[in-house]
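In the numbering used here, the protein residues as written are 1376 to 1411. What follows is a set of notes on a single structure, which appears directly below.
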């Protein structure tokens, strides 16, 4: 997942998965930005 989301996105996803309070949001992969 780290390759897709980057370090910050992967860490936030892991924190949310284990139940830590994480503000709602979303991550856009850099590849999607490049294709846009």
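Just so it is clear, CB atoms sit at the ideal spot from N, CA and C, and this is done for glycine as well.
{"Item": "Please report the distance separating the alpha-carbon of residue 1402 from that of residue 1409.", "Value": "14 angstroms"}
{"Item": "Quick check on DSSP: helix, strand or coil for residue 1379?", "Value": "helix"}
{"Item": "Apart from the five residues just before and just after residue 1390, which ones in its own chain have a Cβ nearer than 6 angstroms to its Cβ?", "Value": "1397"}
{"Item": "For residue 1384, name the three-state secondary structure that DSSP assigns.", "Value": "helix"}
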